[in-house]
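Structure, as structure tokens:
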Amino acid sequence: MSILLIARLTLKEAARKRLLALAVAGGALFLVLFGVGFALLLGQIKAEAARAGGGAPPFMLTAMMMVMGFYFLNVLAGVSAIFVSVNAISGELDSGTIHALVARPLRRRDIILGKWLGYALVLTAYVVAMSTGLMAIIYLTSGTLPPAPLATIGLMVWVALLLLTLSILGGTFLSALANGVGLFLLYGLAWLAGVIEGLGGLVHNSTMVHIGIAVSLLVPSDALWQAASYYLQSPSILMLASTSASGLFPFGSSAPPAGTMLVYTTIYTLAALGLAVLVFSRRDM
């Protein structure tokens, strides 16, 4: 019950935060810009095809725009996860407001888990709403939908929850500023590792691939996105991408997600949350 109480208080706190309102406003603006750009581009391509005497519908363009749209949505969700939760623990420790909770008959474990649950609900609702809006725009514009939307959305939620967990963990021993800067550096490093691994695959350089994989193990957020992008593509697009030198690189992957990666990321997330509970429980207030 204590966990649910902390989660409810966290939800109320998140609703009052301007950062959450900015994330929602930024997401709405993104959807509008993407919808207008996608409609204009697709309309121009169809008009040029009609003037040239018809031809097949630009399904590759639609697939690429869909993957790119979800790619930038994934980045937006990741950044929002960091911004919204970076003060969840460290900010209250810096200001001393968390002492009001610690002084009550609440276990410190419940404080960490309750705050994680509250922000997890907020981020899950955000990613689901934004993904649904993006799919609606794509469907109304081109009449297409991802072949496995639930898998895509689930993995994107996982990215946000992974970053949330790291934010909670960092907040137990870092200041709010250091926690935010460190998370952004790790998030960028994970993206760079994915690019290095992809480039290594394109030029058949096993050393680059191994370096990319090794760095991705530090923060597997980009690996989760690559898995999500696979479920955005139909079998025909995957076949076409596999025959291309670059496919949809660097926005997506045509390779199915490895089961070992998903298992590792599950253990990674649970271990980070457990470590956050352990560090906070032993911290001297």
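Quick note: the sequence shown uses my numbering, first residue 313, plus one each step. Positions of the beta carbon are idealized from the N, C-alpha and C atoms, including for glycine. Computed from a predicted model, the values in this text were never measured in an experiment.
- [ ] Count the other CB atoms, across all protein chains shown, that sit within 10 Å of the CB of T453; report buried if there are 16 or more and exposed otherwise.
- [x] The residue labelled residue 453 in the question sits at position 141 within the sequence shown. Taking all protein chains in view, the Cβ of T453 is crowded by 16 or more other Cβ atoms within 10 Å, so the residue is classified as buried.
- [ ] Pick out whichever of L585, L473, K324, G564 has its Cα sitting closest to the Cα of L394.
- [x] The residue labelled residue 394 in the question sits at position 82 within the sequence shown. Leu is not the amino acid found at residue 394; the sequence shown has Ile there. I394 has its Cα closest to that of L473, out of L585, L473, K324, G564.
Task: contact_flag[the segment 528-548, the segment 437-453] where n(CB pairs < 8 Å) is 3 or more - done: no
Task: Beta-carbon gap between A588 and T484 smaller than 7 Å - done: If you number the sequence shown from 1, residue 588 lands on position 276. If you number the sequence shown from 1, residue 484 lands on position 172. Judged by their CB atoms, A588 and T484 are nearer to each other than the 7 Å cut-off.
TODO: Can you grab the Cα-Cα spacing for the pair A359 / M372, in whole Å?
DONE: Numbered from 1 along the sequence shown, position 47 holds the residue referred to as residue 359. Numbered from 1 along the sequence shown, position 60 holds the residue referred to as residue 372. One C-alpha to the other measures close to 16 Å.
Open item on the list: At the level of alpha carbons, what is the spacing between A437 and G466?
Closed with: Residue 437 sits at position 125 when you count from the first residue of the sequence shown. Residue 466 sits at position 154 when you count from the first residue of the sequence shown. Straight-line Cα distance between these residues: approximately 11 Å.
TODO: For M447, collect the residues of the same chain with a Cβ closer than 8 Å to its Cβ; drop the 5 residues on either side in sequence, then sort them by chain order.
DONE: Residue numbering aside, residue 447 sits at position 135 when the sequence shown is read from its first letter. Closer than 8 Å at Cβ, skipping near neighbours: L457, P458, P461.
Task: Supposed close pair S541, Y383 - CB separation, criterion 8 Å - done: The residue you call residue 541 lines up with position 229 of the sequence shown. The residue you call residue 383 lines up with position 71 of the sequence shown. About 7 Å; that satisfies the 8 Å criterion.
TODO: Report the residue ranges of all alpha helix (DSSP H) runs contained in full by the segment 502-575; include only those spanning at least 4 residues, in chain order.
DONE: 518-528, 533-542, 547-555
- [ ] Compute the distance between the beta-carbons of P569 and A526, then report whether it is under 7 Å.
- [x] Taking the first residue of the sequence shown as position 1, residue 569 is located at position 257. Taking the first residue of the sequence shown as position 1, residue 526 is located at position 214. No, the Cβ-Cβ distance between P569 and A526 is not below 7 Å.
Open item on the list: With H, G and I counted as helix, E and B as strand and the rest as coil, what does DSSP make of R420?
Closed with: Taking the first residue of the sequence shown as position 1, residue 420 is located at position 108. Looking at R420 - three-state DSSP - the assignment turns out to be helix.
Task: Spatial neighbours of L323 in its chain, beta-carbon cut-off 8 Å, leaving aside the 5 residues before and after - done: Position 11 of the sequence shown, counted from the start, is the residue given in the question as residue 323. Once the five neighbours on either side are set aside, the close Cβ partners of L323 are G430, L433, V434.
Task: Whole alpha helix (DSSP H) elements within the segment 414-488, 4-residue minimum - done: 420-454, 461-483
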